[in-house]
Amino acid sequence: MKTLTLSAALLATAAAAKPPTCNDCNSVGDIAYQIVQKQTARNFFDINNKKGRAIIDVSDTAKDLEERVQARMNEWANSPAGQPPLDALIQTGKAAAAAGRTAVAGMTTDGDTCEINQGTIRNYICKEFADALYAHELSHKRTCEDAKAFGLKPKDVASVLFTAADEVRAYDLEIALLKQHLEKVAKNCPEWSLLRNVPPTDKQKKALDDAAAARKDSVKRATKALGGSR
Ligand SMILES: [Zn+2]
Numbered sequence: 042m043k044t045l046t047l048s049a050a051l052l053a054t055a056a057a058a059k060p061p062t063c064n065d066c067n068s069v070g071d072i073a074y075q076i077v078q079k080q081t082a083r084n085f086f087d088i089n090n091k092k093g094r095a096i097i098d099v100s101d102t103a104k105d106l107e108e109r110v111q112a113r114m115n116e117w118a119n120s121p122a123g124q125p126p127l128d129a130l131i132q133t134g135k136a137a138a139a140a141g142r143t144a145v146a147g148m149t150t151d152g153d154t155c156e157i158n159q160g161t162i163r164n165y166i167c168k169e170f171a172d173a174l175y176a177h178e179l180s181h182k183r184t185c186e187d188a189k190a191f192g193l194k195p196k197d198v199a200s201v202l203f204t205a206a207d208e209v210r211a212y213d214l215e216i217a218l219l220k221q222h223l224e225k226v227a228k229n230c231p232e233w234s235l236l237r238n239v240p241p242t243d244k245q246k247k248a249l250d251d252a253a254a255a256r257k258d259s260v261k262r263a264t265k266a267l268g269g270s271r
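FYI, the numbering used here numbers position 70 of the sequence shown as 111, with every residue one higher than the one before it.
Okay, structure coming up:
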């Protein structure tokens with residue numbers, strides 16, 4: 042009974058915090074970073090990619106491979122290439138603070154039952170990122186069900202190459218959805234039109250100036266939040 046009460050209280054805390062949104066021009070950097078992150082992980086799982094070829098060892102177990110990729114992702118996240126844009130950094134900080142109070146459980150697919158457990162991550166990331174993540178798990182679920190239909194047991198299909206190919210398929214689906222979302226959001230953002238080599242209109246130029254001013258503000262706020270001065 043005690044446990045039940047505690048779980049309900051934790052759930053209430055998690056539900057009270059509103060997940061962030063990622064559907065305006067300020068989110069373009071965040072969405073792009075999300076794609077780069079997923080693309081990086083995807084390439085580590087791809088035997089046809091030089092990053093993947095460098096770490097995939099067929100004598101490993103599937104679990105070894107997952108651990109290797111996790112280690113490489115941590116390395117990447119700490120390297121200059123893996124640094125998120127400033128706004129995302131602020132968001133990540135907020136998510137981490139929220140996570141300190143309630144453990145964030147990621148989405149997983151059970152290899153025996155093929156069922157997806159969505160965990161609690163939807164409370165901490167925007168809907169579109171969570172939906173893309175869910176699509177990734179759906180891909181694993183389909184593989185799991187196909188394997189079952191052929192009478193294969195999870196351990197039969199958990200070879201390194203099979204796991205790697207299954208991850209590539211899942212990431213490709215997730216990345217495609219994130220790219221679709223980026224296109225949709227960035228279509229009307231002046232900064233994005235510059236990236237696409239489309240000259241900005243006067244209205245967009247003004248929006249660019251405003252965005253630059255807002256960015257200065259956000260640098261100031263972030264510096265202050267980190268205890269510095271500027
Ligand atoms: Zn996966």
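Backbone N, C-alpha and C define an ideal beta-carbon position, used for all residues, glycine too.
Could you have a look at residue i and say whether DSSP puts it in helix, strand or coil?
{"i": "Asn119", "result": "helix"}
{"i": "Asn84", "result": "helix"}
{"i": "Asn158", "result": "strand"}
{"i": "Thr184", "result": "helix"}
{"i": "Thr204", "result": "helix"}
{"i": "Ser270", "result": "Because the pLDDT at Ser270 is just 49, under 50, the model does not fix this residue reliably, and the point stays unresolved."}
{"i": "Lys59", "result": "coil"}
{"i": "Lys257", "result": "helix"}
{"i": "Ala50", "result": "Residue confidence for Ala50 is low, a pLDDT of 36 falling below 50, so the modelled location carries little weight; the figure read from the coordinates is stated next. Three-state DSSP puts Ala50 in a helix."}
{"i": "Ala252", "result": "helix"}
Given residue i, which residues of its chain have a CB within under 6 Å of its CB, disregarding the five upstream and five downstream residues?
{"i": "Gly123", "result": "Trp117"}
{"i": "Lys247", "result": "none"}
{"i": "Val99", "result": "Val201"}
{"i": "Leu174", "result": "Met148"}
{"i": "Asn158", "result": "Thr149"}
{"i": "Glu186", "result": "Cys155"}
{"i": "Arg113", "result": "Phe85"}
{"i": "Pro125", "result": "Tyr74"}
{"i": "Ala171", "result": "Arg163"}
For residue i, which residues of its own chain have a beta-carbon under 8 Å away from its beta-carbon, when the five flanking residues on both sides are left out?
{"i": "Asp101", "result": "Arg109 and Val201"}
{"i": "Val226", "result": "Cys63, Asn64, Asp65, Cys66, Ser68, Val69 and Ile72"}
{"i": "Leu47", "result": "For Leu47, the predicted model reports a pLDDT of 35, less than 50, meaning its position is unreliable; a value from the coordinates is still stated below. Correct list: empty, nothing qualifies."}
{"i": "Asp213", "result": "Arg83"}
{"i": "Arg94", "result": "Ile88"}
So, for residue i: in the same chain, excluding its five sequence neighbours on each side, which residues have a beta-carbon less than 7 Å away from its beta-carbon?
{"i": "His181", "result": "Thr150, Asp207 and Ala211"}
{"i": "His222", "result": "Ile72 and Glu169"}
{"i": "Gln80", "result": "Ile216"}
{"i": "Thr97", "result": "Reading off the sequence shown, one finds Ile at residue 97, where the question assumed Thr. Closer than 7 Å at Cβ, skipping near neighbours: Ile88, Leu106, Val201 and Ala205."}
{"i": "Ala146", "result": "Gly160, Thr161 and Ile162"}
{"i": "Lys92", "result": "Asn84 and Phe85"}
For residue i, which of the options has the nearest alpha-carbon?
{"i": "Ala217", "options": "Ile72, Lys59 and Asn64", "result": "Ile72"}
{"i": "Thr204", "options": "Lys189, Gly192, Leu219 and Thr184", "result": "Thr184"}
{"i": "Ala254", "options": "Asp243, Phe86, Asn67 and Ala173", "result": "Asn67"}
{"i": "Asn89", "options": "Val209, Asn164 and Asp251", "result": "Val209"}
{"i": "Ser301", "options": "Ala190, Gln78 and Asp172", "result": "No answer is possible for residue 301: it lies beyond the span of the chain, which begins at 42 and ends at 271."}
Could you tell me how far apart the beta carbons of residue i and residue j are, in whole angstroms, since I believe they sit closer than 8 Å?
{"i": "Ile162", "j": "Met148", "result": "6 Å"}
{"i": "Glu215", "j": "His177", "result": "4 Å"}
{"i": "Gln111", "j": "Leu219", "result": "So it is not a contact: roughly 20 Å between Cβ atoms."}
{"i": "Ala82", "j": "Ala199", "result": "Actually they do not touch by this definition, with Cβ atoms about 19 Å apart."}
{"i": "Pro60", "j": "Asn164", "result": "6 Å"}
Can you find a CB in chain D that lies within less than 7 Å of the CB of residue i?
{"i": "Leu179", "result": "Of the protein chains in the structure, only one exists, and it is not chain D."}
Can you tell me which residues fall inside 6 Å of ligand 1, judged by beta-carbon distance to its nearest heavy atom, and keep chain order? Residues with a Cβ closer than 6 Å to any heavy atom of ligand 1, in chain order: His177, His181, Glu208 and Ala211.
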